[in-house]
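Numbering (this note's numbering), first residue to last: 9 to 306.
C-beta: ideal position from N, C-alpha, C; glycine also.
Every value quoted in this text rests on a predicted model; they were computed, and no experiment measured them.
These notes concern the structure reproduced below.
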């Protein structure tokens, strides 16, 4: 049979493993071994099958493989806001580790919405993902408790849910806030503005506690800190918090914004024409993540 006629048989539909086996002159099992266990196949046979795979453009069907194995090769990462560079770095780290294990990562954004979080968790269960990394939007833990019955492992990232048992990877936010406070105090500053997210979030509570601990170590009163609570964890909320910083007493020219996105927002607000605060403030974040070159803040 000529090569053109053989290839014509698969034109107009997806190439299957049987097409590869037929044109390579081997069994379907041999093709499967070449793909999954190449060390079990003789080199000459392996090369012949690989040549047919490349010529036909065959791609194995992950859904069929998943059906047989009962699980996928995908790890799901569900974050609060992919506009936040902190979560970009988390995604990069997860992807690097997954690739080393021969897995892939699917990144989803809950937009800080418990409802969207529930929808995504349902999607993950339908696709039988290998596991889930999640920064919970639902602080009650109800979504994760419902997800637990699917027997898919999950790990909390940067935020624990006290009511939901599970492994977690998080930051010591009290110590982070204390480090930020000690740094500002060491620079000679005795009053700061603390821009936080909603105080129902444990991270925001803990960072505030750490800042106050640093002030207490130096004998400074709690009034040394002005606390501005943003509504959400995004740049817009940081921008809206800016006027509260500029409107604080003249001596308060140092701002601790615990998330990079808030720091961006405040800096953007300070860069607007007519704002006289630029160059008078020092910024200190209690998280570290990669940031674009703009906006530039001084």
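Asked, Found
"Residue 84 beta carbon less than 8 Å from that of residue 48", "no"
"Option in 37, 26, 28 and 164 with minimal Cα separation from residue 87", "164"
"Per-residue burial, residue 35 [other beta carbons within 10 Å of its own, 16 or more giving buried]", "exposed"
"Straight-line Cα distance separating residue 22 from residue 185", "56 Å"
"Entirely enclosed beta strand (DSSP E) segments - the segment 167 to 222, minimum 3 residues", "175 to 177 and 200 to 204"
"Simplified DSSP state of residue 60, which is helix, strand or coil", "helix"
"Given residue 203 as reference, the closest of 212, 179, 195 and 196 once Cα atoms are compared", "212"
"Cβ-Cβ separation, residue 102 to residue 64 (assumed contact under 8 Å), whole Å", "Incorrect: roughly 33 Å between the Cβ atoms, too far for contact."
"Inter-residue Cα distance where the pair is residue 81 and residue 183", "37 Å"
"Endpoints, beta strand (DSSP E) assigned at residue 82", "82 to 87"
"Assigned exposure category for residue 307 - 16 Cβ within 10 Å defines buried", "Past the boundaries of the shown model lies residue 307; the chain is included only from 9 to 306, so the question cannot be answered."
"Runs of beta strand (DSSP E) lying entirely within the segment 128 to 155, each at least 3 residues, in chain order", "139 to 142"
"For residue 101, three-class secondary structure by DSSP", "helix"
"Residue 67, buried or exposed, once every other Cβ within 10 Å from all chains shown has been counted against 16", "exposed"
"Identity of the residue in 158, 193, 42 and 126 nearest residue 146 by Cα", "126"
"Burial state of residue 116 (16 or more Cβ within 10 Å)", "buried"
"Nearest to residue 57 (by Cα), restricted to the options 209, 38 and 207", "38"
"C-alpha gap between residue 176 and residue 169, whole angstroms", "9 Å"
"Helix, strand or coil at residue 48 according to DSSP, with G and I counted as helix", "helix"
"For residue 26, the nearest candidate out of 55, 130 and 60 (CA to CA)", "60"
"Where residue 230 falls: helix, strand or coil (DSSP)", "helix"
"Nonlocal neighbours in the same chain, by C-beta distance under 6 Å from residue 132, ignoring five residues either side", "84 and 140"
"Distance between beta carbons of residue 172 and residue 149, contact taken as under 8 Å", "3 Å"
"Candidates 214, 200 and 199: closest to residue 206 by CA position", "214"
"Buried or exposed (CB count within 10 angstroms, at least 16 for buried), residue 227", "exposed"
"Neighbourhood of residue 181 by C-beta, 6 Å cutoff - its chain only, sequence neighbours within 5 removed", "211, 214 and 215"
"Among 112, 199, 198 and 94, nearest to residue 166 - alpha-carbon criterion", "94"
"Sequence-distant residues of its chain with Cβ nearer than 7 Å to residue 46 (five each side left out)", "54"
"Residue 28 burial status per 10 Å Cβ neighbour count (16 or more: buried)", "buried"
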